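Taken in sequence, the protein lines are chains A and B.
Position one of the first sequence corresponds to residue 966 (this note's numbering), numbered consecutively onward.
Position one of the second sequence corresponds to residue 4 (this note's numbering), numbered consecutively onward.
Every residue, glycine too, gets a C-beta built ideally from N, C-alpha and C.
These figures come from a predicted structure and were not determined experimentally.
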Amino acid sequence: MTTHHDAPWAPEAEPAPAALTPADVADAARLVSFGLQAKLLPARDAEYAELVRRHREDPPFARLADAVATGMGLVVLEVSARAGMAVAAAEDSVFAVRMGDYSRRAASESTDRFLHGLAHLAVAAMAFPRPEDLADDGYLGRITVNGVDAFVRQACRRLEEQADAAGDNTDPQSDAPGLEAAWRVWARRTATGATKDARRLSGSTIGITGKAVLFLVDSGFLQKTADDAGGTYRTTARYQLQVRDLAASGAMAELLDLGVVPVSDGSATLLPADHSEELVADAGLPFHSL
Amino acid sequence: MTAIADQPTDYGLRPPAGAARPAPGPAADEGLARRLKALACTAPLHDLDNRKVNLAGEYGGYAMAEVGLAAIDLVTLHMDFDTGADRDIVLGRMLPRVAAQNPPRPAAEHERVARWVLESLINVGSVDRGFRAVYGTFGPDGEYVRRDYDFKLIEEVPGPDGGVYLRTTDEAVNVLVGALDTDVTSAQIAAEVKLEVLIRRGRLADAQLAAEQARYRTVQYAETLRRALDATRRNVRAVDWMQAVPDLIDEALDHIADRYRHENAILTNIRKVRDESEPHTPEGAEHKRRAAELVDIVKDCIRRHTQLQTRLLEAGPLFRAEQDRQAFASPGVRTGIDLYGQLLAPLLRLPVEQAVRPTDAFFARGTGLRTPTAVRVTDLVDLLLTPPVEREHLGAELPDPDLVATPDDSRFSEAQLEAALELLDLPSDAPRRLSGLLADARRQDPELPYLVALLAVHAASPPVGTAYRQGEERLLFAVDDGTPLRDVEFGGADLIVGNALLDAAGMAADRKDAG
């Protein structure tokens, strides 16, 4: 776009910015509506690409588009050619996904609720195994459904071994199931199971992971690349933004609130400080590098 | 669902609160807990016989616990290094035993019983597909605490082809073999010594038992290694490659070298017993049968060793490749949150009622957004008034394919091929010249010599390795000794054509020695 009211190089102090017309508002809303179609990319749609460019080059238009999004209960994560207008649902927005809508069982069963949430976290952890991967805009994560399950099980097994070595009895008290260690819940659930109609057993951990992955595909966060190992997927720019800017910090805040302060040296180096340290930075790289 | 819901506890005999703990120390209490857990692992098997009366139909004639134990046995023996046991194979192998228990009943019922037992051992009805038993321990301050013990006997694991396979858990092997807590290596050595002594004394029934136990140990070795390699593929640092795994590999390689010697010695011994047994007396026949079974078991042991050894040799290169791949992945310039180290790992340690808060937060912010569907009243009316679409169970009708008979354009008929193969089916000690074969063929059919010549030329460079691997017993070969072929139709060398006998067993032994 070249002909616009406010050229980007115009001095800040220009007295009267040209008034925005209803047509501009319509364009801004149009851009937001493109952003809501999570699977659509600017590279695939000329009009979308044009609006994204205008957002970058025309600050008043950008402010307008952001305002439209905010008014609708959306958080703008990034507007760029690679991710399009990446928007996320604000807490109480109509666009937010609720656990009850996601899985009916998860709404009533607290262990299932935990397993579904953990599956989403594990997918992200496997997709971005090192802190650098989450920070590097060019990084494409690659996950498999079976791999995510195996990855969590391995972590659980290590915790079990540690508990055994310490001589702790991890069997939960019968009258206080809520005090059961979280890793046990995943470890004792079956990984997979035969069903009558040869579909995935929905309650198994692979079934739960599979559901999470399919949901993320619908959100435009993952793209399927192959059917191997329960389904192989790669991440999109949007997923990285969402995890980096919203999800990880949100979960971290809750964790800090619980009094758990996970320490990290914050460095991008791959060398672990301590040999005995539990899986450090590069925990669980994808199974197969392609 | 199988669970020992209530351990009988005699409340009347309990000491008053605050009194000295009844067990003479935490170790004794722990020992009791361990035994209670071991006992609990057998409960699902007993439960099979208790629950069979609840089944619709007459199932009293089946010994369900026996079938169950056999099922665990079969899964353990059929689970391979990479995948578990195939469900259908296990079911198929269970059938003869089930059928033998109640022969007059129809085969469909036998199948139903086998399936029911297997599904009961997986505990298909429960969401975890596992079992839970409750046991009690005394806490540090003498207070009595009931705890849940969760375990599985047969678990379902994903296979590389996307299918579901079965594996027995350590608990199940515990039920089956016992004494899993003992050191794998020492148990193996004990079993070997026992086996040799038993065979020398001719106690074949006991020897068979010992050999089977030795095989379980081998399976266990492979299982330990498989887990270590799997973990390495995900993260080399998750596995102790400084000491634990190299030690395991060294130990396992030594063990295999040892086992080859032993098993070959055993094999020679048993073969002797088998061949020297008098087959005409009932006792001798029984002896012979047992010896033959033992030979099979030991052969299977050798096969498993070969498999384990291949994996062991691959372990080092796999580690180095994974180390390169994982260490040289280029680091980025900025850092983000370490999702595993800072979120997932700390969270897994928390009690589940706390851990659900961070996961909920992650879910709420990490799943993306959904655009709600807006409904118009007019659409809604239409929608509600539309009769439900009947679900087609069979799908759309398939068009009948139009089959056109393709003309048979093969040069030679089946009968001709058979005749040629018959000609070439030479005794192993009497090879023949191609010229003679051609003359024979020409007498039968003028077309036949061409086919015979083709087969002979094909046999000039026979695929010996393939034949060995496929366990062929004989192989057609053709050798050129320089004699020219004088024939009206063909020219070239007058090949010597013959059948070579292959010693598949000997070849397998050679391969082992080389390895």
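Counting only Cβ pairs nearer than 9 Å, list the residues of chain A close to residue i.
i	result
T140 (chain B)	N1134 and D1136
E69 (chain B)	Per Cβ cutoff of 9 Å: no residues; E69 (chain B) is ~24 Å from chain A at best.
L346 (chain B)	L1086, A1089, A1090, A1213, A1216, M1217, L1220 and P1227
Y453 (chain B)	Within chain A, no residue comes near Y453 (chain B); the closest Cβ sits about 48 Å away, beyond 9 Å.
I75 (chain B)	Those do not exist, as I75 (chain B) stays about 17 Å from chain A at its closest Cβ, beyond 9 Å.
List, in chain order, every chain B residue whose beta-carbon is nearer than 9 Å to that of residue i.
i	result
G1168 (chain A)	V130, D131 and R132
R1078 (chain A)	V359, T362, D363 and F366
L1016 (chain A)	Near L1016 (chain A) there are no residues of chain B at all, since even the closest Cβ is about 18 Å away, more than 9 Å.
H1081 (chain A)	T362 and F366
S1184 (chain A)	T370, G371, L372 and R373
A1120 (chain A)	A241, Y343, L347, A348 and L351
P1025 (chain A)	Correct list: empty, because the minimum Cβ distance to chain B is about 26 Å.
Suppose you measure from the CA of residue i to the CA of residue j; what does that come to, to the nearest Å?
i	j	result
A295 (chain B)	D303 (chain B)	13 Å
V1193 (chain A)	V1110 (chain A)	Going by the sequence as given, residue 1193 (chain A) is Asp instead of Val. Looking at the two C-alpha atoms, the distance is approximately 9 Å.
G1082 (chain A)	A988 (chain A)	42 Å
R149 (chain B)	R293 (chain B)	48 Å
D443 (chain B)	L454 (chain B)	12 Å
V990 (chain A)	D1023 (chain A)	13 Å
Q419 (chain B)	P404 (chain B)	33 Å
D2 (chain B)	I92 (chain B)	Only positions 4 to 518 of chain B appear in the structure, and residue 2 (chain B) is not among them; the question remains open.
W1258 (chain A)	E61 (chain B)	Residue 1258 (chain A) lies beyond the range of chain A shown here (966 to 1255); nothing can be said about it.
M1064 (chain A)	G369 (chain B)	12 Å
G63 (chain B)	L51 (chain B)	11 Å
L183 (chain B)	R118 (chain B)	At L183 (chain B) the pLDDT is 37, less than 50, meaning the model places this residue with poor confidence; the figure from the coordinates comes in the next sentence. Looking at the two C-alpha atoms, the distance is approximately 28 Å.
E393 (chain B)	T381 (chain B)	24 Å
A1213 (chain A)	L346 (chain B)	8 Å
L48 (chain B)	E33 (chain B)	24 Å
E112 (chain B)	T227 (chain B)	38 Å
P1025 (chain A)	L1206 (chain A)	24 Å
G1112 (chain A)	D173 (chain B)	22 Å
G1195 (chain A)	S1058 (chain A)	33 Å
R436 (chain B)	T409 (chain B)	38 Å
Output, in chain order, the set of chain B residues within a Cβ distance shorter than 7 Å of residue i.
i	result
I1171 (chain A)	P161
S1139 (chain A)	V137, R149, R150 and D151
In chain A, which residues lie less than 8 Å from residue i when you measure between Cβ atoms?
i	result
E356 (chain B)	S1075, G1143 and L1144
L353 (chain B)	A1146, A1147, L1223 and V1225
G474 (chain B)	Per Cβ cutoff of 8 Å: no residues; G474 (chain B) is ~31 Å from chain A at best.
V167 (chain B)	T1157, G1158 and A1159
E158 (chain B)	T1155 and A1156
R38 (chain B)	Here the premise fails: no neighbours, minimum Cβ distance about 15 Å.
Say the cut is 6 Å; is the CB of residue i nearer than that to a heavy atom of the ligand ADP?
i	result
A73 (chain B)	Looking at this structure, you won't find the ligand ADP or any other ligand, since it has none at all.
For a contact meaning CB atoms closer than 7 Å, what does residue i contact in chain A?
i	result
I259 (chain B)	Under the 7 Å cutoff, chain A gives no residues; its nearest Cβ is about 26 Å from I259 (chain B).
Y152 (chain B)	D1136
Can you give me the Cβ contacts of residue i inside the same chain, cut-off strictly under 6 Å, excluding the 5 residues immediately before and after it?
i	result
A1027 (chain A)	H1020
Counting only the same chain and skipping the five closest in sequence on each side, list residues whose C-beta sits under 8 Å from that of residue i.
i	result
R1148 (chain A)	Checking the displayed sequence, the identity of residue 1148 (chain A) turns out to be Trp instead of Arg. Excluding sequence neighbours, W1148 (chain A) sits near A1120, C1121, L1124 and E1125.
D506 (chain B)	none
I259 (chain B)	H308, L311, Q312 and L315
P320 (chain B)	none
A1146 (chain A)	L1124, A1128, T1135 and P1137
Who are the near neighbours of residue i in its chain, counting only those whose CB is closer than 7 Å to its CB and skipping five residues on each side?
i	result
T2 (chain B)	Here chain B has residues from 4 to 518 only, and residue 2 (chain B) is not among them.
G1036 (chain A)	none
L2 (chain B)	Lying outside 4 to 518, the shown extent of chain B, residue 2 (chain B) is not represented and no answer is given.
G1049 (chain A)	F999, G1000, L1005, L1006, P1007, Y1013 and V1017
P434 (chain B)	I499, V500 and G501
I305 (chain B)	E266
I1108 (chain A)	V1088, M1091, A1092, Y1198 and P1251
L985 (chain A)	P1025 and L1029
Under 8 Å Cβ-Cβ, which residues of chain B neighbour residue i?
i	result
V1059 (chain A)	P375
G1195 (chain A)	P161 and G165
Only counting runs of 3 or more residues, tell me where the beta strand (DSSP E) segments fall wholly within the stretch 429-492 of chain B, in order along the chain. As summarised for the stretch 429-492 of chain B, the continuous beta strand (DSSP E) elements at least 3 residues long and confined to that stretch are 477-482, given in chain order.
Would you list, in chain order, the members of the stretch 362-380 of chain B that have their beta-carbon closer than 9 Å to a beta-carbon of chain A? T362, D363, A364, F365, F366, A367, R368, G369, T370, G371, L372, R373, T374 and P375
May I have a chain-ordered list of the alpha helix (DSSP H) segments no shorter than 4 residues that lie completely inside the stretch 323-375 of chain B? 348-352 and 355-369
Interface residues of the stretch 981-1011 of chain A facing chain B [CB-CB below 7 Å]: Listed by position, the residues of the stretch 981-1011 of chain A near chain B (Cβ gap below 7 Å) are L1001 and A1003.
What residues in the stretch 1029-1056 of chain A have a beta carbon less than 8 Å from any beta carbon of chain B? L1039, V1052, A1053, A1054 and E1056
Entirely within the stretch 28-89 of chain B and at least 4 residues each: give me those alpha helix (DSSP H) ranges in chain order. 29-54 and 67-81
Anything in the stretch 423-441 of chain B with a Cβ closer than 8 Å to a Cβ of chain A? List those residues in chain order, please. none
Can you pull out the residues from the stretch 320-331 of chain B whose beta carbon lies closer than 8 Å to at least one beta carbon of chain A? R328, Q329 and A330
Whole beta strand (DSSP E) elements within the stretch 1158-1204 of chain A, 3-residue minimum: For the stretch 1158-1204 of chain A, whole beta strand (DSSP E) runs of length 3 or above, ordered along the chain, are 1187-1191 and 1197-1200.
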